[in-house]
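Trainee: Position 9, counted from 1, in the sequence shown is what numbering that gives the first Met the number 0 calls 8; the numbers after and before it change by one each time, with no gaps. For every residue, glycine included, the Cβ atom is placed at its ideal position computed from N, Cα and C.
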Amino acid sequence: MWLKPDKYKKFSFDKIILAVIILIITAFYYFADLLDNPVLPVCIFHKFTGFYCPGCGGQRAFQALLHRKPLDALQYNPLIYIILPLIFLKVLQELFPGYYLNRLIPGKTFFWSVICLICAFWILRNVQFYPFNLLAPKN
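This is the structure in structure tokens:
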């Protein structure tokens, strides 16, 4: 079984802190009103250039997923459907280092493919013609 530990390690204090921070951030995004919250950062790239970065709309997409609105999340930032599972797997790998989770983490080829996809997404979401204008985050 892929969850069988190869070494029995104790759950360290820094892993507990990481888990608590992730839970606090998730709870904040669940309860916060992102449209009227001045605490959240504004995209500096969009503010100065007028172009969308690959992360624009990512906070609203994450909140939409937390509220079980997958179509809204897709309209805010479709890239979240690729990035969020990778982040989840990496966090699992950090929290449970003695388990066989390395088989689930994709290799370098996949990593570089995702980087190329992010760069292409960054360029195409700023093209103002159909169908590429659908990649821009909805307001």
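Are the beta-carbon atoms belonging to C52 and W121 less than 8 angstroms from one another?
Mentor: Contact flag set, yes.
Trainee: Mapping the DSSP letters down to three states, classify R59 as helix, strand or coil.
Mentor: Looking at R59 - three-state DSSP - the assignment turns out to be helix.
Trainee: Starting from L39, follow the alpha helix (DSSP H) in both directions and report where the run begins and ends.
Mentor: Where L39 is concerned, there is no enclosing alpha helix (DSSP H), given that its DSSP letter is neither H nor E.
Trainee: Using only the alpha-carbon positions, how far apart do G54 and N76 sit?
Mentor: One C-alpha to the other measures close to 7 angstroms.
Trainee: Taking 8 angstroms as the cut-off, decide whether the C-beta atoms of L94 and A18 are in contact.
Mentor: It is a contact, given that the beta carbons lie within the stated cut-off.
Trainee: So L65 and Y28 are supposed to be a Cβ contact under 8 angstroms. How far apart are they, rounded?
Mentor: Contact holds; Cβ gap of about 6 angstroms.
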